[in-house]
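Student: Residue numbers (my numbering), protein chains in the order written: chain R, -12 to 447; chain L, 47 to 89. Just so it is clear, CB atoms sit at the ideal spot from N, CA and C, and this is done for glycine as well. Only a predicted model underlies this, so the values are computations on that prediction, with no experimental measurement involved.
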Amino acid sequence: MSFLSRERTIAAPGYSRWLIPPAALCVHLCIGQAYAFSVFNLPMSKLLGISQSTPDDWKLTELGWIFSIAIFCLGASAAVLGRWVEEGGPRRAMFTSALCWAGGFFVSAIGVYLHNLWIVYLGYGVIGGIGLGLGYISPVSTLIRWFPDRPGMATGMAIMGFGGGAFIASPLSVWLMSQFSTPTHIGVAETFIVMGIVYLCFMMVGAAIVRLPPPDWAPEGYVRPAQSTRLVTTENVFVYEALRTPQFWLIWWILCLNVTAGIGVLGQASAMSQEMFKGQITAVAASGLVGLFSLFNMGGRFFWSSTSDYIGRKNTYFIFFALGAVLYAIVPYTGSIHSVALFVVCYAVIFSMYGGGFATVPAYLRDMFGTRYVGAIHGMLLTAWSMAGIFGPVLVNYIREYNITHGVAAAQAYNITMYVMAGLLVIGFICNALIKAVDARHYIKTPERDTASQAAVAGE
Amino acid sequence: MASDRERMATSNGLKLILAWGFVGIPLVWGVAQTLVNAIKAFH
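(1) Here's the rule: buried if 16 or more other CB atoms are within 10 angstroms of the residue's CB, otherwise exposed. What is Asn103/R?
(2) Tell me the rounded alpha-carbon separation between Val82/L and Met81/R.
(3) According to DSSP, is Thr392/R helix, strand or coil?
(4) Assuming Ile53/R and Gly112/R form a contact by the criterion Cβ under 8 Å, report the distance between their Cβ atoms to the nearest whole angstrom.
(5) Round the Cβ separation of Leu61/R and Tyr123/R to the nearest angstrom and send it over; I've been treating them as touching at under 8 Å.
(6) Three or more C-beta pairs under 8 Å: does that hold for the region 141 to 159 of chain R against the region 381 to 391 of chain R?
(7) For the candidate residues Asp136/R, Ala363/R, Thr41/R, Lys265/R, whose alpha-carbon lies nearest to that of Ser128/R?
(8) What does Leu62/L touch in chain A if you count any residue whose Cβ is under 7 Å from its own?
(9) From Leu50/R to Cys87/R, what does the alpha carbon distance come to, in whole angstroms?
(10) Compare the C-beta of Thr56/L against all C-beta atoms of chain R and say whether one is closer than 8 Å.
(11) Between the alpha carbons of Phe167/R and Ile85/L, how many angstroms are there, rounded?
(12) Given this structure, state the Cα-to-Cα distance separating Gly115/R from Ala309/R, to the nearest angstrom.
(13) Measuring CB to CB, does Ser339/R end up less than 8 Å from Gly139/R?
(14) Going by DSSP in three states, Tyr430/R sits in which element: helix, strand or coil?
(15) Going straight from the alpha carbon of Leu109/R to that of Met355/R, what length do you get?
(16) Could you check what DSSP says for His172/R in three-state terms: helix, strand or coil?
(17) Can you give the Cα-Cα distance for Pro170/R and Leu130/R, rounded to whole angstroms?
(18) In chain L, which residues lie less than 7 Å from Leu329/R when you measure between Cβ atoms?
(19) Could you list which residues in chain L have their beta carbon closer than 8 Å to that of Val192/R, in chain order?
(20) Assign Asp203/R to one of two classes, buried (16 or more other C-beta atoms within 10 Å of its C-beta) or exposed (fewer than that).
(21) Where does Gln39/R land, buried or exposed, given buried means 16+ other C-beta within 10 angstroms?
(22) Would you identify the three-state DSSP class for Ile117/R, choosing helix, strand or coil?
(23) Three-state secondary structure (DSSP) at Val94/R?
(24) Tell me whether Ile324/R sits in a helix, a strand or coil according to DSSP, three-state version.
(25) For Trp240/R and Met374/R, I'd like the C-alpha separation in whole angstroms.
(26) Please state whether DSSP places Leu199/R in a helix, a strand or coil.
(27) On the DSSP letters alone, give me the boundaries of the alpha helix (DSSP H) that Trp71/R sits inside.
(28) Per the DSSP calculation, Val224/R is bridged to which residue(s)?
(29) Quick check on Tyr360/R: buried or exposed, where buried means 16 or more other Cβ atoms within 10 Å of its Cβ?
(30) Give, in chain order, every residue of the region 29 to 60 of chain R whose Cβ lies closer than 8 Å to some Cβ of chain L.
(31) Could you tell me the distance, in whole angstroms, from the CA atom of Arg387/R to the CA atom of Ile403/R?
(32) Keeping to the same chain, check which residues put their C-beta closer than 7 Å to that of Val452/R; ignore five residues upstream and five downstream.
(33) Which residues, taken in chain order from the region 277 to 294 of chain R, show a beta carbon closer than 9 Å to some beta carbon of chain L?
(34) Output the distance between the C-alpha atoms of Phe189/R and Asp296/R, rounded to the nearest integer angstrom.
(35) Would you tell me roughly how many angstroms separate the C-alpha atoms of Tyr417/R and Gly410/R, rounded to the nearest one?
(36) For Val74/L, which option in Met147/R, Ser55/R, Ala85/R has the closest C-alpha, if you only look at C-alpha atoms?
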């Protein structure tokens, strides 16, 4: 379809670049629903029993796999399809992402209706997960091209939307389920269908308004640097060539370690706060705290990525790792002095930096590898997220279990976890310190060489 | 020429309001809901 082609996406003269962030947000606010999927877990575990689970109902452990499969497919599809996204243009990628994401909800609705969990795994997990991956990376390089003067801020806006999507999806899902539920039926399937339709329309608006800037376009008053500076290149690296540079793998570990530390405690924040401050933080207050931390997670995506435009990407990650390590090490102390306020402040900053790590990394890649294949390279990098999604929770749960079985009190059981997380951030700090400019031999030298490398890859 | 530019600026302004409203209103609503729930939880 020519409407979707890259050529048809080139903006006419006078097109405002400030229309691109809303286009990106149309996609990211929808796919950010993934963070709120847990609101369906409990209702889906009682689809047959209605008021309580029966032996034939799905177990919570089985339902937990839906989110895990989706996040795995996000990383895998972003890595495999990154080059297709980059070369096909943002509209085709957003359109496909919308079809996959909404299709995932429709297929899942069938799975819920037939009470077949494998269909839900296929729907939300695999098909929806592919939509997640395509949607996540599709606007990134477009935003970087439109905002060469503020790439961190631009990508931060989109990735902030991913964090914010859960704030919309969570109350919306609960409200829809309440509308469709009766005393003899839980309205999960109907909710999935309505959400699929809403997300399809919303994402299509994004696909319709997204544009690529004309070649050699630059914002008014912006002078493109003629030469690379120490850590910001004006050259480009081909997508698969980036994998051969130490910089890619160092950034891979930077993202993986930052996310591992954050994701590990994200899922435990509620239980951890209640166990560390028994009698001070109730279960209801803990859920409020988690909501508050999620706001910092979202706000940090915009704040830190925008800050990185002024202080540099490397310095921003130095702050994440140095300040993060100190804050993780302080958390056990907050428990010992029973200071809820200090605990909340530490966690709020930690979660802002967790979100900031996601949002700043596309601009870091652009600085290292240039703008041409940044979306595809970003896609490859997201495998670090998939990996961290497994490492983080496993690490936290395993250390906690080990402590409890060895007689450590529940309130102190998280202390070692916090020190391990601080240690991970120290390793991240070292990886960041090792980052230098990419060696010139990796740059695309001429259009001929670019074509040759692509042909070689295609022939493999 | 000047009127063309003016027309384009007006049209861009309208598009910007619509586009940012389209994504901004749901986002602000979601954030407000979260804040209200967080405040409720603390009380």
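Tutor: If we stick to the structure as given:
(1) exposed
(2) 33 Å
(3) helix
(4) 5 Å
(5) 6 Å
(6) no
(7) Ala363/R
(8) Although the question refers to chain A, the structure presented lacks it and instead comprises the protein chains R and L.
(9) 20 Å
(10) no
(11) 28 Å
(12) 36 Å
(13) no
(14) strand
(15) 37 Å
(16) strand
(17) 48 Å
(18) Going along chain L, no residue has its Cβ under 7 Å from Leu329/R, so there is no contact; the nearest lies around 16 Å.
(19) Phe68
(20) exposed
(21) exposed
(22) helix
(23) helix
(24) coil
(25) 10 Å
(26) strand
(27) 47 to 75
(28) Tyr430/R
(29) buried
(30) none
(31) 8 Å
(32) The shown model of chain R, from -12 to 447, leaves out residue 452/R, and the question about it has no answer.
(33) Val277, Gly278, Leu279, Ser281, Leu282, Met285
(34) 30 Å
(35) The sequence as given places Ile at residue 417/R; Tyr does not occur at that position. For Ile417/R and Gly410/R, the distance between alpha carbons rounds to 11 Å.
(36) Met147/R
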